[in-house]
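Asks: One structure is given below, represented as structure tokens, and several questions about it will come after.
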Amino acid sequence: MDRDFSLSSGGEAGAGAPCNRFHVRLVDEPPEYEPPPLAGGEDGVGRFQRFEATLQNRGDSLRADGLCHSSDSFSSSCLKTFGHNTVDRVPRIDFYRNTGSLSGVKVNRPSLADLHEDLQRDILSVPGAVDGVANGDGVVDTGGKPSENKDELVRFGWIKGVLVRCMLNIWGVMLFIRLSWIVGQAGIGLGVIVICLSSVVTVVTGISMSAICTNGVVRGGGAYYLISRSLGPEFGGSIGLIFSFANAVAVAMYVVGFAETVVDILKENNVLMVDSISDIRIVGCITVVVLLGITVAGMEWETKAQVVLLIILLIGIANFFIGTVIPSTIEKRSKGFFNYQAQVFAENFGPSFRDGESFFSVFAIFFPAATGILAGANISGDLKDPQVAIPKGTMLAIFVTTLTYIAVAICIGATVVRDATGSVNDTISVLTSCNGSAACKLGYDFSGCDTQMCNFGLMNNFQVMSMVSGFGPLITAGIFSATLSSALASLVSAPKIFQALCKDNIYKGLYFFGKGYGKNNEPIRSYILTFVIAVAFILIGWRPAFKFYNMWVSLLGTVLCCAVMFVINWWAAVITVAIVLFLNIYVIYNKPEVNWGSSAQAMSYITALQDALSLTGVNDHIKNFRPQCIVLTGSPMSRPALLDLTLSFTKNFSLCICSHVFMGPRKQTVSDMNMSMDNYQQWLSKNRKKAFYAAVAADNLRDGVKCLLQASGLGRMKPNTLVIGYKRDWRTDNPQDVENYVGILHDAFDFEYGLIILRISQGLDISRILQIQEELQRKEQEKLALEAAQKDEQKDGKRGICSLKFLNKTVKYSTNTLGVNDQKDFKVSAGHAADFNQRLLEASTQFQMNQGKGTIDVWWLFDDGGLTILIPYLLTIRKKWCDCKLRIFIGGKLDSINEEKRAMAALLGKFRIQCADIKVIGDIHMKPSKESWKMFEELIEPYQLHEGSKDPATAEILLKEHPWKITDAELERFKDKTYRQVRLNELLQENSRSANIIVVSLPIARKEAVSSYLYVAWLETLSRNLPPVIMIRGNQKNVLTFYS
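Residue numbering for the sequence shown follows our numbering, beginning at 3 and increasing consecutively.
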């Protein structure tokens, strides 16, 4: 029969009547199977056409069922989701944004209370919108006003923002001045190795930096931001302050290098202003002022300057390569340049270390040239997409500059000899015997360099590239470009890093310098501070000259002890260290079961206690979220599948507590609990289950679990997720136990826990099988004891009597034990062998085995903060599940499937979650088949009140006698949500029957509105006849973030 909420169109009583499980208005006509389009929402939200118009005409703000206004057609309080009115929301990226995000508006999802509490209360919050109203498509409407300055911000891509800056900083003056000397000392072969070894270090560093960059959204602050968000403010604050100061000092170093080159040119032309030192200071200060003007003008001008400098640098490099193929003049030959010659290449291929140099000293001189890889990362706040730009630009810059260095090293080593006199008169005839050097074979005698100092050649002349190049002044321009670009990059990096550090307010006194100006939030105050530091170091004539330092001072004591040991007898020290390491690893691996009360144990306890206490002073952050679980296993071995699955995503990662509720008379339960505590914890340790065991004594299961939910954990190590098995016996169990089970789920939501329910078709509880196995083993032991006693009696009568006495005691003990089991309706007999459920045992261990290649199907239908997608992702990074692929199923509209798929792919990409496929179910809102609906009706038939077919007095009596039964009003109110569960099972059967495991959003039942039996019927319908199903619902708070 058709039912509707009883709401009078004109009376106060009718309009204000509460809507609960028992308020219906009966109509004579029988019900149609298909619901009317707006007959009622999934959450019991009714907005019927016949009284909606009345409310609108009256201008009242009454709410149907206490939630939706009559004018809520576009209200975010009850949007249409999959064709039905519901407060629940589908996953969307705006739920995970930070407040003040520049890439979009943060939107609040409905809270757990909005979804869980009864709709009778007046919900004033408008979930789903902040600073705007979400429209019917879930898009935030900001009133048509675009965000200010968003389009005006100057942002750079990976080429201008990262690639250009990194290449300019990596090439530097090393390329033009010192590389020829390095090739002369180390030779072409070892020189290339030096370059490659340096590149290996920078590549590894770049990979690490890329991993941090792609771990979340990167904001301004460059290296400081990456370090502080990864290692914390302690490391980030100290390193950031030193790093920004070092960059400020580096400005002075690069400018002084530029000024020295300029002053050398002035000296050659006899146009010094005062003297060399004073001129360096004057030129340096003028240069810093010009560079400051460029940076203050804005990042756009600074980037243009960097591009110009790069062009000059590239011209200089090209000029060198062109010069190597231009035929050498007599003057250049006298200085050691012979174009490409095989003899020169062969002679220069091997090393020729002089003046106390070695491979490592040469490496130490070259390596700083390769460390300019942070130039792009340091302006992370000015990049369009730092997560893409920094890894892409940095790694490509390393590749390009490494090839350039190698090419220049090979070319210069193949064209210029190590020593040359520079005298055009040092030629010899071809027939003259010579010392076998390459120069001698090419007609020049440079043997005088063996006895006196020469000024030309790879080893003696730092201006080799200028000599070789087609036009020497272009090399000088390249040197200017390299020094100025590095100075400019440091002058930008230092203020940007310092501004981010000041904004974080780690050092309170520095907050003044964090203020930004203009559309790009330029750190003008930090620019000025950097300028002052740079000018100060220029004026004092600063030079980096201190060479004697040791970065391992903190390890000096250890190093000295080890050194003494090796000095006395090095091979004995090696053997001793190897033996000690082996024994140490052996003991650690075997973990001997000894307890000596050692100081190590005391220190472990103190360290754990101090760490736990220190955590209490640290606020929780989404990045550090872990599913810390209370698992209702009972005894740890009774539900192995539930424990194994939980450990699959918590082992070595987060907290797992196996919880056990002892029910019954207090005296007995407390005694049993105390006896079991150590035994069960030892069982967990012995079986390498990384979990804790906790037990409580209570009158019933719900009270015990309520205690666990409130009191478990220690400080920040407090559970946030309840893991529970599905109640398979709800149809045969007594109603109070069903009420307690559903009550546990309500309590979990009340305490803001996430909830995970596991269902396996064979069941989870193997405690009965364990009892049977234990009794069978005991019988087998008795049988073996009897056989042994008979043998002994045959050999020695006296010994046989002793054995029989022992056997009598054993039989007596066994009889007493069986008597106790008889009281529990458990009897060991031959018939129990037939009860041995092999399939249940196999199912109970299925999560202990490798899952092979398969799929984990995730039906992420509603946004719960991300727990529904986090759990299956954690499974895929475990060894046993790593071959399984994630398949994501979401609801959507038939006319926008591609858009929904792209939006979900973008969201998962932000979270760095890879999936094999995303499927949008466009017909999720369709009604289930009549066969499926009939099965559901048959399922709930024994638990229905059927008060609609009885007179009101009889109905009231029935409700008092059976308050747990499902009323007709309740079915009508939540008809859409019931249809949803039936339809979802059809879709699961159609799409996910072959999956290894299915993860699906858990429907939430409103307290005191949905009966326990209707809710378990939803769960039963949703998960029946399927592979293992995990039903998950988070607490509506973010557990995932794409911010660093």
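In this text, a Cβ means the ideal position worked out from N, Cα and C, and glycines have one as well.
#1: Kindly list the residues whose CB is nearer than 6 angstroms to the CB of Gly474, restricted to its own chain and excluding five residues on each side of it in sequence; keep chain order.
#2: Which residue wins for smallest C-alpha separation from Ile659, given the options Val725, Trp861 and Gly193?
#3: Shortest alpha-carbon distance to Gly924 belongs to which of Ile899, Glu940 and Leu941?
#4: Determine the burial state of Met176: buried for a count of at least 16 other Cβ atoms within 10 Å of its Cβ, exposed for fewer.
#5: Terminal residues of the continuous alpha helix (DSSP H) containing Gly745?
#6: Can you check DSSP and say which residues form a bridge with Ser1003?
#7: Who does Lys692 pair with in a DSSP beta bridge?
#8: Does DSSP classify Tyr519 as helix, strand or coil?
#9: Under the assumption that Ala997 contacts Asp859 (Cβ atoms under 8 angstroms), give the Cβ distance between them as a whole number of angstroms.
#10: Can you have a look at Ala411 and say buried or exposed, based on whether 16 or more other CB atoms are within 10 angstroms of its CB?
#11: Decide if Val813 is buried, meaning its Cβ has at least 16 other Cβ atoms within 10 Å, or exposed.
#12: Using the Cα positions of Asn462 and Asp428, report the straight-line distance between them to the nearest angstrom.
#13: For the alpha helix (DSSP H) containing Met211, name the first residue and the last one.
#14: When you compare the CB positions of Phe97 and Phe260, do they come within less than 8 angstroms of one another, or not?
#15: Is Ala700 helix, strand or coil when you go by DSSP?
#16: How many Å lie between Leu228 and Gly222 at the Cα?
#17: Just to confirm my understanding: we take Glu754, look at its own chain, exclude 5 residues before and 5 after, and list those with CB closer than 7 angstroms. What are they?
#18: Is it the case that the stretch 744-751 contacts the stretch 621-628, given that we only count it when at least three CB pairs across the two stretches are under 8 angstroms?
#19: Just curious, the alpha helix (DSSP H) that Met467 is in, first and last residue?
#20: Quick one: any contact between the stretch 706-723 and the stretch 677-686, if contact means 3 or more CB pairs under 8 angstroms?
#21: Can you tell me which of Gly868, Leu842 and Glu972 puts its alpha carbon nearest to the alpha carbon of Val1012?
#22: Taking the beta strand (DSSP E) that Phe664 belongs to, which residues open and close that run?
#23: Can you tell me the Cβ-Cβ gap for Thr417 and Phe351, rounded? I've got them flagged as a contact below 8 angstroms.
#24: For a test of the three-state rule: what should DSSP assign to Ala918, helix, strand or coil?
#25: Look up Gln946 in the DSSP assignment and say whether it is helix, strand or coil.
#26: Using the DSSP secondary-structure output, state which residues sit across from Ile632 in a beta bridge.
#27: Going by DSSP in three states, Cys886 sits in which element: helix, strand or coil?
#28: To which residues does DSSP link Ile759 through a beta bridge?
#29: Can you tell me the Cα-Cα spacing of Leu165 and Ala399, whole angstroms?
#30: Measure the alpha-carbon distance for Thr331 versus Val196 and round it to whole angstroms.
#31: Is the number of C-beta pairs between the stretch 904-922 and the stretch 869-889 that are closer than 8 angstroms three or more?
#32: Quick check on the burial criterion: 16 or more other C-beta atoms within 10 angstroms. Buried or exposed for Asn1027?
#33: Within 8 angstroms, do at least three Cβ pairs link the stretch 157-171 to the stretch 376-394?
#34: Who are the Cβ neighbours of Val466 in its own chain at under 7 angstroms, not counting the five residues just before and after it?
#35: Along the beta strand (DSSP E) that carries Ile858, what are the first and last residues, could you check?
#36: Three or more beta-carbon pairs under 8 angstroms between the stretch 351-365 and the stretch 202-221, yes or no?
Replies: Considering the structure as presented:
#1: Ser468
#2: Val725
#3: Ile899
#4: buried
#5: Pro737 to Asp752
#6: Ile1034
#7: Answer by DSSP bridge pairing: none, since Lys692 is not bridged.
#8: strand
#9: 4 angstroms
#10: buried
#11: Here Val813 scores only 46 on pLDDT, less than 50, and its place in the model is too uncertain to base an answer on.
#12: 17 angstroms
#13: Leu181 to Cys215
#14: no
#15: strand
#16: 10 angstroms
#17: Leu114 and Asn1037
#18: no
#19: Val466 to Val470
#20: no
#21: Glu972
#22: Cys658 to Met665
#23: The Cβ separation is near 13 angstroms, so there is no contact.
#24: coil
#25: strand
#26: Ile659 and Leu724
#27: strand
#28: Ile726 and Met1033
#29: 5 angstroms
#30: 32 angstroms
#31: yes
#32: exposed
#33: yes
#34: Ser182, Ile414, Val418 and Leu460
#35: Gly856 to Trp861
#36: no
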